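In the numbering used here, the protein residues as written are 1 to 167. Yeah, the Cβ is synthetic: ideal placement off N, Cα and C, and Gly gets one too. Remember, it's a predicted structure, so these values are computed and weren't measured experimentally. What follows is a set of notes on a single structure, which appears directly below.
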Amino acid sequence: MLVSDNDGKALVITRIFDAPRELVWETWTEPEIFKKWWGPKDFTTPVSRMDFRVGGEIFSCMRAPDGQDFCSKGVYIKIIDMELLVMTDSFADKDGSQVSPTYYGFSADFPNEMQLEVIFEGEDGKTRLTLKHSSINKLTKEELMDMRQGWDESLDKLAEYLDSELE
Numbered sequence: 001m002l003v004s005d006n007d008g009k010a011l012v013i014t015r016i017f018d019a020p021r022e023l024v025w026e027t028w029t030e031p032e033i034f035k036k037w038w039g040p041k042d043f044t045t046p047v048s049r050m051d052f053r054v055g056g057e058i059f060s061c062m063r064a065p066d067g068q069d070f071c072s073k074g075v076y077i078k079i080i081d082m083e084l085l086v087m088t089d090s091f092a093d094k095d096g097s098q099v100s101p102t103y104y105g106f107s108a109d110f111p112n113e114m115q116l117e118v119i120f121e122g123e124d125g126k127t128r129l130t131l132k133h134s135s136i137n138k139l140t141k142e143e144l145m146d147m148r149q150g151w152d153e154s155l156d157k158l159a160e161y162l163d164s165e166l167e
């Protein structure tokens, strides 16, 4: 796994999964599968909806161990089948309306909208996934580290899901 913050403008994480690209792609594009791995360790995802087309919306709520829900939404900007997903990323309330990050206790400087790019590359039956979370230049070092930890834990859960599917 390679991680860099590109001078604070983006969080970039690259992971190689021991699973075919088609399966990894499905984990990002099928709401019922997405719910099985999305969110940091000990979080669950009771809600996930995807209108999987350019201009369509993605909406999910992940639930913390204490029961608090954190909802997010985005709009698909670009989709290249089995290769690339680009979407916006914002906080939302349970009804799917965009809310300020302060709604969930984040600082007023936390960006209202970010961009998420996910690249899928097949390599000898494995998948190199590169995730780029950008428009984060106003994040504090602590917020960036928290974001990195959340992504790392989510991707760990994704790896566990993929391993269970390939047993």
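Between Ala19 and Glu153, the gap from beta carbon to beta carbon reaches 9 Å or more.
A residue is called buried once 16 or more other Cβ atoms fall within 10 Å of its Cβ, and Ser100, having fewer, is exposed. Three or more Cβ pairs closer than 8 Å define a contact, and the segment 40-59 meets that threshold against the segment 153-162. In the three-state scheme derived from DSSP, where H, G and I count as helix and E and B as strand, Lys35 is classed as helix. When DSSP states are grouped into helix, strand and coil, Gln149 belongs to the helix group. Here Lys35 has Thr45, Ser48 as same chain residues with Cβ atoms under 6 Å from its own Cβ, once five neighbours each way along the sequence are excluded. Boundaries of the beta strand (DSSP E) harbouring Thr88: 84-92, taken from the DSSP string.
In the three-state reduction of the DSSP assignment, Leu139 falls in the coil class.
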